[in-house]
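Colleague: Each number in the numbering used here comes from the position in the sequence shown (counting from 1) with 264 added on.
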Amino acid sequence: MAVWTTLLKKEMRLGGLGFFIFLICQLAVMALGIYLAFRSGSRAAITVTGLVLIGFHFLYLFGYMVVNVSMEKKTFHLWLHNPLPGWSMLAAKLVSGIIYMTLSLLVVGIYTWIGYLMSGPTAVSPSPEVHIYRIATLAVAYIYWIAIYTGIIFTFLWIVLLCMRSRIGKWAWIFMIAGLGVVTFLLVKFVQLGLYTAVTEWGELPESVIGFWLSTPAIHTVVPVYFGSFVFDFLVMAIFFSLSAWLMDHKLEMS
């Protein structure tokens, strides 16, 4: 555990620069939102700006991993010779990204919350039946879900690219693009044939659950939510993470 903690600290140091660059850009946009709010006389501009910034966090972990692996190119051979198994090394990268994502979300979340309190009642204010804080909690959970999903998919593609590059060199990119095209085609067919629906649309969440997290009127307006879709996505994440770890341990070589 001590070795993994040391590795996590190393990943935190490596990702620190990217985090602060994104944070500075985020603070600049937040300042712009404050300026627009006082310029227009509508405090809602702060809330809208905050919501837009929160939305960008869907791809935060994806972007973090891109920056992380780009910065580690020169020292990648040292990272690869770490005695820890592949899954723990990849987990350190993902956990460091999640930590930085949490800090970033905390900053913009407080900003958005303050803007919401300052805006007061407006023509677009939610009705009393809408549970705004429950919706916010649900939205943040979904952001984490999608961010981790995209982060794991990127990690898998990155490992596959490294494996191909160690064997076929510069042609790896061509094979990667061709492979992504084939996978995209197969996914479209998977959906068109109804297979995706068959494996995900089961275990519909009861109306009471939707009503608790959203609002009573929303029960009859939202698209049905199925527990099966979450199970399917979780299995996909587990499979791709496991494949990434296996490729690291058995197939990845330094070119």
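For each residue, glycine too, the CB sits at the ideal point set by N, CA and C.
1) CA-CA distance, MET353 and ILE318?
2) What are the partner residues of TYR490, as DSSP defines its beta bridges?
3) If we count the other Cβ atoms within 10 Å of its Cβ and call it buried at 16 or more, is ILE474 buried or exposed?
4) Runs of 4 residues minimum, wholly inside the region 378 to 462: which ones carry the alpha helix (DSSP H) assignment?
5) Buried or exposed: which applies to LYS338, given that a residue is buried once 16 or more other Cβ atoms fall within 10 Å of its Cβ?
6) Taking the C-alpha atoms as reference points, what is the distance between LEU315 and ILE432?
7) Can you tell me the Cβ-Cβ gap for LEU325 and ALA411, rounded? I've got them flagged as a contact below 8 angstroms.
8) Which one of LEU358, ILE407 and LEU271 has the shortest CA to CA distance from HIS345?
9) What alpha helix (DSSP H) runs, 4 residues minimum, are completely inside the region 302 to 373?
10) What residue from PRO347, THR401, MET335 and ALA509 has the CA that sits closest to MET276's CA?
11) In this structure, does DSSP put MET276 in helix, strand or coil?
12) Classify VAL424: buried if its beta carbon has 16 or more other beta carbons within 10 angstroms, exposed otherwise.
13) How about HIS395 and LEU469: are their beta carbons less than 8 angstroms apart?
14) Taking DSSP as the reference, what is the three-state secondary structure of MET501?
15) Return the residue from the list LEU287, LEU426 and LEU402 that minimises the CA-CA distance to TRP437.
16) Using three-state DSSP, classify MET265 as helix, strand or coil.
Modeller: Here's the rundown:
1) Rounded to the nearest whole angstrom, the C-alpha separation of MET353 and ILE318 is 28 angstroms.
2) Beta-bridge pairing links TYR490 to GLU468.
3) Looking at its Cβ environment, which holds 16 or more other Cβ atoms inside 10 Å, ILE474 is buried.
4) Within the region 378 to 462, the complete alpha helix (DSSP H) runs of at least 4 residues are 396 to 432 and 436 to 456.
5) Exposed, by the Cβ-count rule.
6) For LEU315 and ILE432, the distance between alpha carbons rounds to 44 angstroms.
7) Right, the Cβ-Cβ distance comes to about 4 angstroms (below 8 angstroms), so this counts as a contact.
8) Closest option to HIS345, Cα to Cα, is LEU271.
9) Within the region 302 to 373, the runs of alpha helix (DSSP H) at least 4 residues long that lie entirely inside it are, in chain order, 308 to 320, 324 to 335 and 340 to 344.
10) Closest option to MET276, judged by alpha-carbon separation, among PRO347, THR401, MET335 and ALA509: MET335.
11) Here MET276 sits in helix by DSSP.
12) Residue environment for VAL424: buried (at least 16 other C-beta atoms within 10 angstroms of its C-beta).
13) At least 8 angstroms separates the beta-carbon of HIS395 from that of LEU469.
14) In this structure, DSSP gives MET501 a helical state, which the three-state scheme calls helix.
15) For TRP437, the closest alpha carbon among the candidates LEU287, LEU426 and LEU402 is that of LEU426.
16) Shown here, MET265 sits in coil according to DSSP, grouped into three states, outside any helix or strand.
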